[in-house]
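Numbering-wise, the sequence shown is residues 9 to 148 according to this note's numbering.
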Amino acid sequence: SAADYGILSKSNSRISEAVNRKAQKHFKKDSQRKSGAEWSTLSDQSLMCRFFMHNILYRAFYTAHGQWIYTTSGYNASKLDKGVRDRIKSVYYNSSIVFVNQIDIVNGKTIYIVEIQDDKSIRKLRVDDDDMEIVQEFEK
9 SAADYGILSK SNSRISEAVN RKAQKHFKKD SQRKSGAEWS TLSDQSLMCR FFMHNILYRA
69 FYTAHGQWIY TTSGYNASKL DKGVRDRIKS VYYNSSIVFV NQIDIVNGKT IYIVEIQDDK
129 SIRKLRVDDD DMEIVQEFEK
């Protein structure tokens, strides 16, 4: 919801034209198949662009000056990168992948927060290029 992100305004009139142009230029740079873009100003004056691509909801975050910071998306296991899925399943072979939050950050790095579960527990894993660690675990 808007309150979750501290959104002040969904109106582009609150976003300065220069910042808006800089952020929109970055957004449009690789905008193939993006749809339904909605820009918001957050309480710290940074920007968020909410959009859909391949039927997945994305949120792109920009500084108050229009510089891209990161983009998040969430989806089910079927859309998870095969290499990442294989890494998880090689360790947690009895677990099902339930949901994925993907965070794309500067320098082309991607971090995955992956929810898995088996008969006994639910785990959240943080997976990136170099590491895989449990960040949360619950017993059923």
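Glycine residues also receive a C-beta, built at the ideal position from the N, C-alpha and C atoms.
| Item | Value |
| --- | --- |
| Segment limits, alpha helix (DSSP H) that includes R114 | Residue identity check: residue 114 is Val in the sequence provided, not Arg. Neither: V114 is in no alpha helix (DSSP H) and is coded neither H nor E. |
| Inter-residue Cα distance where the pair is Q32 and Y120 | 25 Å |
| Proximity of I105 and A85 at Cβ, strictly below 8 Å | yes |
| Same chain only: Cβ atoms within 6 Å of K87, ignoring 5 sequence neighbours per side | none |
| Inter-residue Cα distance where the pair is G82 and K97 | 19 Å |
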